[in-house]
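Asker:
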Amino acid sequence: MPTWSIMTASRNSLAALRIVVRALIGLTLTLLALLIVTFGLAKLSPIDPALARVGDHASRSTYLQMRHELGLDASWPVQLLRYVQQLAHGDLGISLSTGQPVEQDLRRVLPATAELATLAMSVGAAVGLALALLAARYAGRASDLLIRFIALLGNSIPVFWLGLVALFVFYARLHWVGGPGRLDDAYEYTIDMPSGFVIVDAWRSGIPGALSSALSHLVLPVLILAGYAIGNVTRLTRTALLNEMHQEYVMLARAKGAGELRVLLHHVLPNAAGLILTVLALTYANLLQGAVLVETVFARPGLGRYLTTALFAGDAPAILGATLLIGLCFVIVNGVTDLLVRLADPRVQ
Amino acid sequence: MSADSAARRFGVAVLIAWLLLGVMAPWLAPYNPLLQRIADRLQPASALHWLGTDGLGRDVLSRLIYGARPTLGLVVLVGALMVPIGLTLGILAGYCGGWIDRVLSGTTNIVMAFPQLVLALAFVGLLGPGLVHAAFALVLTGWPAYARLARVETQQLRRSDYIAAAQMLGIVGPRLLFGHVLPACIPAMRVRLALDMAGIILAAAALGFLGLAERPPTPEWGSMVADGGKVVFDQWWLATAPGAAILLVSLAFNCLADAPREQADGV
Numbered sequence: 009m010p011t012w013s014i015m016t017a018s019r020n021s022l023a024a025l026r027i028v029v030r031a032l033i034g035l036t037l038t039l040l041a042l043l044i045v046t047f048g049l050a051k052l053s054p055i056d057p058a059l060a061r062v063g064d065h066a067s068r069s070t071y072l073q074m075r076h077e078l079g080l081d082a083s084w085p086v087q088l089l090r091y092v093q094q095l096a097h098g099d100l101g102i103s104l105s106t107g108q109p110v111e112q113d114l115r116r117v118l119p120a121t122a123e124l125a126t127l128a129m130s131v132g133a134a135v136g137l138a139l140a141l142l143a144a145r146y147a148g149r150a151s152d153l154l155i156r157f158i159a160l161l162g163n164s165i166p167v168f169w170l171g172l173v174a175l176f177v178f179y180a181r182l183h184w185v186g187g188p189g190r191l192d193d194a195y196e197y198t199i200d201m202p203s204g205f206v207i208v209d210a211w212r213s214g215i216p217g218a219l220s221s222a223l224s225h226l227v228l229p230v231l232i233l234a235g236y237a238i239g240n241v242t243r244l245t246r247t248a249l250l251n252e253m254h255q256e257y258v259m260l261a262r263a264k265g266a267g268e269l270r271v272l273l274h275h276v277l278p279n280a281a282g283l284i285l286t287v288l289a290l291t292y293a294n295l296l297q298g299a300v301l302v303e304t305v306f307a308r309p310g311l312g313r314y315l316t317t318a319l320f321a322g323d324a325p326a327i328l329g330a331t332l333l334i335g336l337c338f339v340i341v342n343g344v345t346d347l348l349v350r351l352a353d354p355r356v357q
Numbered sequence: 005m006s007a008d009s010a011a012r013r014f015g016v017a018v019l020i021a022w023l024l025l026g027v028m029a030p031w032l033a034p035y036n037p038l039l040q041r042i043a044d045r046l047q048p049a050s051a052l053h054w055l056g057t058d059g060l061g062r063d064v065l066s067r068l069i070y071g072a073r074p075t076l077g078l079v080v081l082v083g084a085l086m087v088p089i090g091l092t093l094g095i096l097a098g099y100c101g102g103w104i105d106r107v108l109s110g111t112t113n114i115v116m117a118f119p120q121l122v123l124a125l126a127f128v129g130l131l132g133p134g135l136v137h138a139a140f141a142l143v144l145t146g147w148p149a150y151a152r153l154a155r156v157e158t159q160q161l162r163r164s165d166y167i168a169a170a171q172m173l174g175i176v177g178p179r180l181l182f183g184h185v186l187p188a189c190i191p192a193m194r195v196r197l198a199l200d201m202a203g204i205i206l207a208a209a210a211l212g213f214l215g216l217a218e219r220p221p222t223p224e225w226g227s228m229v230a231d232g233g234k235v236v237f238d239q240w241w242l243a244t245a246p247g248a249a250i251l252l253v254s255l256a257f258n259c260l261a262d263a264p265r266e267q268a269d270g271v
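Residue numbers (this note's numbering), protein chains in the order written: chain D, 9 to 357; chain A, 5 to 271.
This is the structure:
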């Protein structure tokens, strides 16, 4: 008996190791493919990085020297190799508009976006899961229809438009919340931002009113981004729950006299957990993309606004850097979730 | 009439209306959408201008009608490229199996993990503004879903009597794949396509909103929202009408995607 259990245990850990290694290989290949796409994009772009650096009035020799310094006179495969090497050292080039290394810029703006997306995700996950459970419990009835409609709406509304409408109603007309920006003007230039998380920094500053100002500016963007998350989470979780409810174990639980709520919470929910985890991760990764638009509408400094500013300025290094960072977060969130689900559920492959 | 069939009818009705608006814009629009009358700028709704006028005195209703065109074109272009690419690769992977399947499925999984909206932004930012550049990005990130569906469908079909019978009749090669396997893959694609279209509408509108879709005078819903957004605190209706149009079309696609899926659930 003991030898048997040791054997299965080692076999299990071996299988787990194999899953982890395979996931890591997949992650690396995905990132490499993303790099190749962004590299190809930079090469196809009509923006000439050397010309952008030296300006229109530079002499031909200065221009050629800059091309040489940037390594643009090498062959494409050599350039790609250098690009990957530079990225491995965290070197994303110099932003044309800020004059700073893109890597430093991104470090500065990432916390704000992470804060916004995480808060929105928390609200979205809590409300979305609750609505999905309600809809699954009362499937086919009026409350289910209403919830499905809300979820559809959350998935169909353009967030930038909803942002404008919300600003008009709740800021301009009702004065319930703060307007664009992350703080009232009085605080914007008096508070240091060492961490980049506006709630943390406003709280630490100890200035009276700073924290409530930060919160009143956060409410609308968080809720609007959460609206998208609620739509996604509710819709996909409801389907996952309903698919489970047609399984035989549910019939058995009911036959043994378990109440509907008990069946849903104790039997169906744990079995759908892997799928729900995947849905949450996918939604979170998409919120990072949605933040691009919400930050632009609400004029909140963050990764998304950094990207759109770079787009308007034709700032190629900044566009590529921001795209890669969002892509990296996206790929990692999805990859790690996939790995967790596989490790937790022996039925998956 | 059940809620699902109501949703489906709503979806079909909105999409037909949208198609008609786009195609017949020159006959339906009461004014030239580019005609500026600065003296009549920022007027509220009236009998002359049903939805008022914008910051340059252009008729908003006419711009709304013409604005159906760019997005319509984008949706058709993306659909016409994305679905055939995905179908072909998926059917090949499912039918051939072996290393072809492994390479194609690997590629599919990799591309599926790309962030769609951000890549579309990067494409447009680096290659220049225009919905065509955005279409490349949307096709690049969109085809894997179809490849995956077609692969699963083909794998199931490969072992079926139906295909065996076709092979016995001497039907092989491309004619077997595209005449007999492909039609069986279509139903699974429809739901996914409707779902994707809703996302494409929102992505196109987002690009327009950021000023990266069409060059300025051309009417486009997303850029109309952006224009209206500048004066939203005083003339709120300017951003409302195009925003509602985007919402309606995207909701229509989502309704079409949702209704048949619920049917399959048996609810």
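C-beta: ideal position from N, C-alpha, C; glycine also.
Source: prediction; values computed, not measured.
1. If contact means a Cβ-Cβ distance below 8 Å, which residues of the segment 24-39 of chain D contact chain A?
2. Entirely within the segment 161-189 of chain D and at least 4 residues each: give me those alpha helix (DSSP H) ranges in chain order.
3. Against chain D, with Cβ distances strictly below 9 Å, would A:V128 count as a contact?
4. Could you tell me which of A:I250, A:L260, A:Q160 sits nearest to A:L186, measuring between CA atoms?
5. Between D:T331 and chain A, is any beta-carbon pair separated by less than 9 Å?
6. I'd like to know whether the C-beta of D:V349 is nearer than 9 Å to at least one C-beta of chain A.
7. Which chain D residues are close to A:I250, counting only those with a beta carbon under 7 Å from its beta carbon?
8. Does DSSP put D:I215 in a helix, a strand or coil?
9. Apply the 10 Å Cβ neighbour rule to D:M129 and answer buried if 16 or more other Cβ atoms are within range, or exposed otherwise.
10. Under 9 Å between beta-carbons, which chain A residues line up against D:A50? List them in chain order, please.
11. Thinking D:V302 and D:V135 are a contact (beta carbons under 8 Å), I'd like their distance in whole angstroms, please.
12. Sorted by chain position, which residues of the same chain lie with C-beta nearer than 8 Å to D:L348's C-beta, five sequence neighbours on each side aside?
13. Residues of the segment 114-128 of chain A in Cβ contact with chain D at a cutoff of 8 Å, in chain order, please.
14. Taking only beta-carbon atoms, is D:N163 less than 9 Å away from chain A?
15. Check whether chain A comes within 9 Å of D:I327, counting only Cβ atoms and requiring the distance to be less than that.
16. Could you tell me if D:S220 is buried or exposed, where buried requires 16 or more neighbouring beta carbons within 10 angstroms of its beta carbon?
17. In angstroms, rounded to a whole number, what distance separates the CA positions of A:F127 and D:P325?
18. Out of D:D113, D:L35, D:L80, D:T126, point me to the one whose CA is closest to D:L296's CA.
19. Run through chain A and tell me which residues come within less than 9 Å of D:V339, C-beta to C-beta.
20. Output the distance between the C-alpha atoms of D:V227 and D:W184, rounded to the nearest integer angstrom.
21. Does chain A have any CB closer than 9 Å to the CB of D:A293?
22. Checking 9 Å against the spacing of the C-beta atoms, do A:V64 and A:M193 come in under that value?
23. Find the residues of chain A that neighbour D:A41, judging by a C-beta separation of less than 9 Å, and give them in chain order.
24. Just verifying my parser: in three-state terms, what is the DSSP assignment at A:T222?
25. Where does the unbroken alpha helix (DSSP H) through A:R13 begin, and where does it stop?
26. Of all Cβ atoms in chain D, is any one closer than 9 Å to the Cβ of A:V136?
27. Going by DSSP, name the residue or residues bridged to A:T57.
28. Quick check on A:Q267 - is its C-beta less than 9 Å from some C-beta in chain D?
29. Is the CB of D:L160 under 9 Å away from at least one CB in chain A?
30. DSSP has D:P109 in a bridge; who is on the other side?
31. Should D:H76 go down as buried or exposed, given a rule of 16 or more other Cβ atoms within 10 Å for buried?
32. Please list the terminal residues of the continuous alpha helix (DSSP H) segment that includes A:F1.
33. Say whether chain D places a C-beta atom closer than 9 Å to the C-beta of A:G71.
34. Going along chain D in order, which residues have a C-beta closer than 8 Å to the C-beta of A:N258?
35. Quick one: is A:P223 buried, meaning 16 or more other Cβ sit within 10 Å of its Cβ, or exposed?
36. Can you find a CB in chain A that lies within less than 9 Å of the CB of D:T345?
Answerer: Put simply:
1. Taking a C-beta cut-off of 8 Å against chain A, the contacting residues of the segment 24-39 of chain D are G34, L37, T38, listed in chain order.
2. As far as the segment 161-189 of chain D is concerned, its whole alpha helix (DSSP H) runs of at least 4 residues are 167-174.
3. Looking up residue 128 of chain A in the second sequence gives position 124. For A:V128, the answer is yes, since a Cβ of chain D falls inside 9 Å of its Cβ.
4. As a first step, residue 186 of chain A is located in the second sequence; it is residue number 182 there, counting from the start. When each option's Cα is compared against that of A:L186, the closest is A:Q160.
5. Position 323 of the first sequence, counting from 1, holds the residue named residue 331 of chain D. With 9 Å as the cut-off, D:T331 counts as an interface residue toward chain A.
6. To locate residue 349 of chain D, count along the first sequence from 1; it is residue 341. No, D:V349 does not count as interfacial toward chain A.
7. Translated into positions along the second sequence, residue 250 of chain A becomes position 246. Per Cβ cutoff of 7 Å: P166, W169.
8. By 1-based counting over the first sequence, the position of residue 215 of chain D is 207. In the structure shown, D:I215 sits in coil (DSSP, three-state: anything other than H, G, I, E or B).
9. Stepping through the first sequence from its first residue, residue 129 of chain D is reached at position 121. Buried: at least 16 other Cβ atoms inside 10 Å.
10. As a position in the first sequence, residue 50 of chain D is number 42, starting the count at 1. Proximity of chain A to D:A50 at the Cβ level (cut-off 9 Å) is accounted for by L130, in chain order.
11. As a working note, residue 302 of chain D is residue 294 in the first sequence. As a working note, residue 135 of chain D is residue 127 in the first sequence. Contact between D:V302 and D:V135 does not hold, since the beta-carbon distance rounds to 17 Å and is not under 8 Å.
12. Within the first sequence, residue 348 of chain D is the residue found at index 340, counting from 1. L285, listed in sequence order.
13. Residues I114, V115, A117, F118, P119, Q120, L121, V122, L123, L125, A126, F127, V128.
14. Here the question's residue 163 of chain D lines up with position 155 in the first sequence. Output row for D:N163: interface = yes.
15. Translated into the one-based positions of the first sequence, residue 327 of chain D becomes position 319. Closer than 9 Å to some Cβ of chain A, the Cβ of D:I327 qualifies, so yes.
16. For the purposes of this step, residue 220 of chain D is taken as residue 212 along the first sequence, with counting starting at 1. D:S220 is exposed by the Cβ-count criterion.
17. As a first step, residue 127 of chain A is located in the second sequence; it is residue number 123 there, counting from the start. As a first step, residue 325 of chain D is located in the first sequence; it is residue number 317 there, counting from the start. Going by C-alpha positions, A:F127 is about 13 Å away from D:P325.
18. If you number the first sequence from 1, residue 296 of chain D lands on position 288. It is D:T126 whose Cα lies nearest to the Cα of D:L296.
19. For the purposes of this step, residue 339 of chain D is identified with residue 331 of the first sequence, where counting begins at 1. Going along chain A in sequence order, the residues near D:V339 (Cβ under 9 Å) are A117, F118, P119.
20. On the first sequence, residue 227 of chain D is found 219 positions in, with the first residue counted as 1. On the first sequence, residue 184 of chain D is found 176 positions in, with the first residue counted as 1. About 10 Å.
21. Within the first sequence, numbered from 1, the residue matching residue 293 of chain D stands at position 285. True, the Cβ-Cβ gap to chain A drops below 9 Å.
22. Within the second sequence, numbered from 1, the residue matching residue 64 of chain A stands at position 60. Within the second sequence, numbered from 1, the residue matching residue 193 of chain A stands at position 189. The answer is no: Cβ separation not under 9 Å.
23. Translated into the one-based positions of the first sequence, residue 41 of chain D becomes position 33. Result: T111, I114, V115, A117, F118.
24. Position 218 of the second sequence, counting from 1, holds the residue named residue 222 of chain A. Correct three-state label for A:T222: coil.
25. Taking the second sequence and counting its residues from 1, the one referred to as residue 13 of chain A is at position 9. 7-27 is the span of the alpha helix (DSSP H), which, as asked, contains A:R13.
26. Start at 1 with the first residue of the second sequence, and residue 136 of chain A comes out as number 132. Taking 9 Å as the CB threshold, A:V136 stays off the interface with chain D.
27. As a first step, residue 57 of chain A is located in the second sequence; it is residue number 53 there, counting from the start. In the DSSP output, where bridge partners are listed per residue, A:T57 has A:D63.
28. Along the second sequence, read from residue 1 onward, the residue named residue 267 of chain A stands at position 263. Since pLDDT at A:Q267 reaches only 47, below the 50 mark, its modelled position is unreliable, and the value read off the structure follows with that caveat. Cβ-Cβ to chain D under 9 Å: no for A:Q267.
29. Mapped onto the first sequence, residue 160 of chain D falls at position 152. Yes, contact with chain A.
30. What you label residue 109 of chain D is simply residue 101 of the first sequence in a count that begins at 1. Beta-bridge pairing links D:P109 to D:I102.
31. For the purposes of this step, residue 76 of chain D is taken as the residue at position 68 of the first sequence. Under this definition D:H76 is an exposed residue.
32. Given that chain A is displayed from residue 5 to residue 271, the structure contains no residue 1 of chain A and the question cannot be resolved.
33. Sequence index remark: in the second sequence, residue 71 of chain A carries index 67 (1-based). Using beta-carbon distances, A:G71 does not count as an interface residue toward chain D, since no partner is under 9 Å.
34. Taking the second sequence and counting its residues from 1, the one referred to as residue 258 of chain A is at position 254. In chain order: L160, N163, S164.
35. Here residue 223 of chain A is taken as the residue at index 219 of the second sequence, counted from 1. With at least 16 other beta carbons inside 10 angstroms of its own, A:P223 counts as buried.
36. Numbered from its first residue, the first sequence carries residue 345 of chain D at position 337. No, D:T345 lies away from the interface with chain A (no Cβ there is under 9 Å from its Cβ).
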